[in-house]
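Written out below as structure tokens is the structure these notes cover.
Set out below in structure tokens:
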């Protein structure tokens, strides 16, 4: 039975743009090579961390949503995250039906950004 997962990982900020893309490509290849399929991928870019990790105050955030069979892909992926020194932190979540529906709405623009845009337009009009 196939389950849907979402993994967020933070890459070290000392990487160049090309190195960060190579790292992301490595992990998405691991997912597809082990029988998973990518549903959605999003690069959040360089962001400030809430607290220093390995004496770094920022990192490249990346989110991958994928389907996989019963945890085999997750185990392999998380092992690779632990081995790779470019990864500061990672978190994998198994999505339930409500999370999947929310993510689909978010991709279509029905939730999330619209609320922020409407508050920006109110402040511009004032």
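In the numbering used here, the protein residues as written are 270 to 395. Cβ coordinates follow ideal geometry from the N, Cα and C atoms, glycine included.
Would you report the Cα separation of residue i and residue j, rounded to the nearest angstrom?
i: residue 374; j: residue 281; result: 30 Å
i: residue 292; j: residue 277; result: 13 Å
i: residue 318; j: residue 376; result: 25 Å
i: residue 355; j: residue 378; result: 32 Å
i: residue 285; j: residue 294; result: 14 Å
i: residue 381; j: residue 320; result: 25 Å
i: residue 363; j: residue 316; result: 24 Å
i: residue 309; j: residue 366; result: 16 Å
i: residue 314; j: residue 359; result: 15 Å
i: residue 353; j: residue 369; result: 29 Å
Who does residue i pair with in a DSSP beta bridge?
i: residue 272; result: 337
i: residue 379; result: Paired residues: none, contrary to the question.
i: residue 280; result: 329 and 356
Less than 7 Å between the C-beta atoms of residue i and residue j, yes or no?
i: residue 335; j: residue 274; result: yes
i: residue 341; j: residue 271; result: no
i: residue 329; j: residue 289; result: yes
i: residue 347; j: residue 332; result: no
i: residue 298; j: residue 307; result: no
i: residue 283; j: residue 357; result: no
i: residue 361; j: residue 345; result: no
Contact the region 287–306 vs the region 321–328: 3+ CB pairs below 8 Å: Here the region 287–306 does not lie against the region 321–328, with fewer than 3 beta-carbon pairs under 8 Å apart.
What are the start and end residues of each continuous alpha helix (DSSP H) run of 4 or more residues lying completely inside the region 287–374, in chain order? 341–352
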